[in-house]
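S.K.:
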Amino acid sequence: MLLVLLLQMAWEAAVSALPLALPSSPSPLAYMLRLYHGHQPRAHIVRSLQAQDVVMEGQHWTFAFDFSFLIQEEKLAGAELRLQLEPLGEPPAEAPILVEIFHQPRWEDEDQASACPERRRLASFVVTDSQVSFSSDSMVLRVTEALARGLEALSGAEDAPSAGRTDAAGGECGHRAPEPPVSDVQLTLYSNMAEQRGRPAGSTLLWEAESSWRAREGRVSQERAKRKPRRRNGLAIRQCRRVRFQVDFNLIGWGSWVIYPKQYEAFRCEGECPNPMEERFSPTNHAYIQSLLKFYQPHQVPSTCCAPVKTKALSMLYLENGKVLLDHHKDMIVEECGCR
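Under this note's numbering, residues 4 to 343 are what the sequence shown spells out, in order.
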């Protein structure tokens, strides 16, 4: 009963705050632009998904979205189901409200839609008052906990009990738009990328570009496939790599206070960075963009530099103020080279 009163009061307050001439429901792009120009996002990636299918029958609400973009390394940090309200009308339903969220792949053509493929239930829950909030034009349900396990199962994690398969509601196939008093349904996902093998945390832009179908079909990939190793004065140019580099403390005047080691293999980085960059060179996002500009404007943009991207410490035994110290000094030995 408390939830019924809260929904009724919040709805009336939201409707009274709406302007007389309410614009049409904002698209996902418009909402994302509002987020972009607003406060700092609470996650690395924010996505806004528009509902593929909406059924709101009394106290049973069913929403379907296309989650095909998911990968296992992506971890959900927050999820909000946003229902755009029409300016006038009664609340959508009284409590208790049962909400179900499904994964339904987007149909690219009519033939695919007529096949009526199965969709997958990711979440099923009864709405509580703590999940609901209202803005001037929207009803917002916080669905992070309810959706998290289903998304993990869908992206390849352990199978969750709630992530079963079911046919399309009512045996019907097709895209059903929201009906009054709701004009649009969007799901906003906040997520972070876990540092996993195969996706370096320091070069996410390059990873996204090389894994995107847009990039694979684009001009950069085509040009890269045609390129041959460059040569200068008849000799092939060697690309960025780690080479041996022996350090002798006696030669630099440190032999009097460094007890051990007197010499060590520091390694160094040598060679040129390709344009455009490849992921194996561990570029920063800035270096990747610079390499692309260098590729298209070779006489206006300088090349990126071959430099250490991973180092390790060296343990040193030395004298300081008459005392013998053992210390571990960071960044003394190059383990990996890349482009910066």
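Note that beta-carbon positions come from the ideal geometry of N, C-alpha and C, so glycine has one too.
Just to confirm the assignment, what range does the beta strand (DSSP E) spanning residue 67 have?
M.R.: That run of the beta strand (DSSP E) goes 63-68.
S.K.: In or out: residue 341 buried (at least 16 other Cβ within 10 Å) or exposed?
M.R.: By the 10 Å Cβ count, residue 341 comes out buried.
S.K.: By the three-class DSSP mapping on this structure, what secondary structure does residue 156 have?
M.R.: In the structure shown, residue 156 sits in a helix (DSSP, three-state: H, G or I).
S.K.: Tell me the rounded alpha-carbon separation between residue 336 and residue 298.
M.R.: Using only the alpha carbons, I get a separation of about 32 Å.
S.K.: Within 8 Å, do at least three Cβ pairs link the region 283-298 to the region 314-322?
M.R.: The region 314-322 is not in contact with the region 283-298.
S.K.: For residue 259, tell me which candidate among 269, 245, 210, 327 has the shortest Cα-Cα distance.
M.R.: Looking at the Cα atoms, 327 is the closest of the given residues.
S.K.: From residue 109 to residue 311, what does the alpha carbon distance come to, in whole angstroms?
M.R.: Between residue 109 and residue 311, the C-alpha separation is close to 44 Å.
S.K.: Who pairs with residue 103 in a beta bridge, going by DSSP?
M.R.: Partner(s): 65, 127.
S.K.: Helix, strand or coil for residue 282, going by three-state DSSP, please let me know.
M.R.: In the structure shown, residue 282 sits in a helix (DSSP, three-state: H, G or I).
S.K.: Would you kindly work out how many angstroms separate the C-alpha atoms of residue 269 and residue 246, rounded to a whole number?
M.R.: If I take the Cα positions, the gap works out to 9 Å.
S.K.: Could you give the C-beta distance for residue 184 and residue 88, rounded to a whole number, given that I count them as a contact under 8 Å?
M.R.: Right, the Cβ-Cβ distance comes to about 6 Å (below 8 Å), so this counts as a contact.
S.K.: Could you check where the alpha helix (DSSP H) with residue 288 kicks off and where it finishes?
M.R.: Unbroken alpha helix (DSSP H) run through residue 288: 288-299.
S.K.: Among 249, 70, 256, which residue has its Cα nearest to the Cα of residue 266?
M.R.: Per the Cα distances, 249.
S.K.: What number of angstroms, rounded off, separates the C-alpha of residue 104 from the C-alpha of residue 182?
M.R.: Cα-Cα distance, rounded: 17 Å.
S.K.: When the Cα atoms are used, what is the spatial distance from residue 134 to residue 85?
M.R.: Approximately 12 Å between the Cα atoms of the pair.
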